[in-house]
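Student: For reference, each letter of the sequence shown is one residue, going 55 to 239 in my numbering.
My structure is below; once you've seen it, I'll send some questions.
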Amino acid sequence: MELLLVIAIALGVLAYVHYNKIVGAHNRAQRAWSDVLTYQRQRIKVLDMLEPQVAGFQAYESQLLEKIVGLRSAIGSLPSAADGDALKSVDQGTKALLGGLNLAFEAYPDLKSVELLSNLMREVAEQEGNIGGAITLFNLNVEHFNNSIQMFPGSLVNRLVLKKSLITPFSDSQASAGFEYKPNF
């Protein structure tokens, strides 16, 4: 009888520990996603400063203005729940926008606002670095959380009590296409 009580207490403690590990891992993944959103929203602020500068350019730049507005809308519509798939279109839009802005600078080297635009472009590039770091941390936290709900005994605790779903990590299919090596998972 005492042995059964000790086993029941041990199992209860084990379930409690794994319950808390899963909840903590989920919260860290959500916080990491919030960091990604924070950096994305900071990018919106930079794009807001960039928008009036680009608006003054000729017909070519009107296409860039549309891309800036579209990218800002895409960033603003990212879900508050962690979702790596949601970042794909925003990331691709940013890459296209940066390429277009660089072409605009090369086409109009004598603009008086080139220095301001260069500073804004530097800040956009800095935000890209921040977002890249935040995505790396997000994916690390997603991996930790997903492991905690897939590996025993966490999988059992999750199945019986929490019922949390796997979180999709962010992946960049465009970048992946540039590699010849494909791991055989």
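Backbone N, C-alpha and C define an ideal beta-carbon position, used for all residues, glycine too.
The structure presented is a predicted model; accordingly, all values stated were derived computationally and were not measured.
Using three-state DSSP, classify Phe192 as helix, strand or coil.
Tutor: Within the sequence shown, the letter at position 138 stands for residue 192. Three-state result, Phe192: helix.
Student: What is the DSSP secondary structure of Leu101, counted as helix, strand or coil?
Tutor: Taking the first residue of the sequence shown as 1, we reach residue 101 at position 47. Of the three classes helix, strand and coil, the one that applies to Leu101 here is helix, per DSSP.
Student: Is it right to say Tyr93 is buried, meaning 16 or more other beta carbons lie within 10 angstroms of its own, or is it exposed?
Tutor: Along the sequence shown, one-based indexing puts residue 93 at 39. The residue in question, Tyr93, is buried, as its Cβ has 16 or more Cβ neighbours within 10 Å.
Student: Taking the alpha carbon of Pro223 as the point to measure from, which residue in Glu234, Pro207, Asn201, Asn238 has its own alpha carbon closest?
Tutor: Along the sequence shown, one-based indexing puts residue 223 at 169. Of the listed residues, the one whose Cα sits closest to Pro223 is Asn201.
Student: Considering only residues of the same chain and omitting the five flanking positions on each side of Tyr235, which have a CB-CB separation below 7 Å?
Tutor: The residue labelled residue 235 in the question sits at position 181 within the sequence shown. Taken in chain order, the list of residues that qualify is empty.
Student: Determine contact between the region 175-184 and the region 82-100, defined as no fewer than three beta-carbon pairs at a distance below 8 Å.
Tutor: Contact between the region 175-184 and the region 82-100 is present, because at least three Cβ pairs lie under 8 Å.
Student: By how many angstroms is the C-alpha of Glu197 removed from the C-alpha of Gln228?
Tutor: Mapped onto the sequence shown, residue 228 falls at position 174. Mapped onto the sequence shown, residue 197 falls at position 143. About 21 Å.
Student: So for Phe199, helix, strand or coil by DSSP?
Tutor: For the purposes of this step, residue 199 is taken as residue 145 along the sequence shown, with counting starting at 1. Looking at Phe199 - three-state DSSP - the assignment turns out to be helix.
Student: On a CA-only basis, which of Leu65, Glu177, Ala136, Leu68 is nearest Ser88? Give me that one, please.
Tutor: One-based indexing of the sequence shown puts residue 88 at position 34. Minimum Cα distance to Ser88 is reached at Ala136.
Student: Out of Ala188, Ser143, Ile203, Glu177, which has the shortest C-alpha to C-alpha gap to Gly78?
Tutor: For the purposes of this step, residue 78 is identified with residue 24 of the sequence shown, where counting begins at 1. Among Ala188, Ser143, Ile203, Glu177, the Cα nearest to that of Gly78 is on Ile203.
Student: Tell me which residue opens and which closes the alpha helix (DSSP H) that Ser209 is part of.
Tutor: The count along the sequence shown starts at 1 and reaches residue 209 at position 155. 208-211 is the span of the alpha helix (DSSP H), which, as asked, contains Ser209.
Student: With distances taken Cα to Cα, identify the nearest neighbour of Phe206 among Ala62, Ala69, Ser172.
Tutor: Mapped onto the sequence shown, residue 206 falls at position 152. When each option's Cα is compared against that of Phe206, the closest is Ala69.
Student: So what's Ile221 in DSSP terms, helix, strand or just coil?
Tutor: What you label residue 221 is simply residue 167 of the sequence shown in a count that begins at 1. Looking at Ile221 - three-state DSSP - the assignment turns out to be coil, as it is neither helix nor strand.
Student: Leaving out the 5 sequence neighbours to the left and right, which residues in its chain are closer than 7 Å to Thr190 when beta-carbon positions are compared?
Tutor: Counting from 1 along the sequence shown, the entry for residue 190 is found at position 136. So the list is empty, once near-sequence residues are dropped.
Student: Kindly list the residues whose CB is nearer than 8 Å to the CB of Val144, restricted to its own chain and excluding five residues on each side of it in sequence; keep chain order.
Tutor: The residue you call residue 144 lines up with position 90 of the sequence shown. For Val144, where only same-chain residues beyond five positions count, the Cβ hits under 8 Å are Gln94, Leu125, Ala128, Ile129, Leu132.
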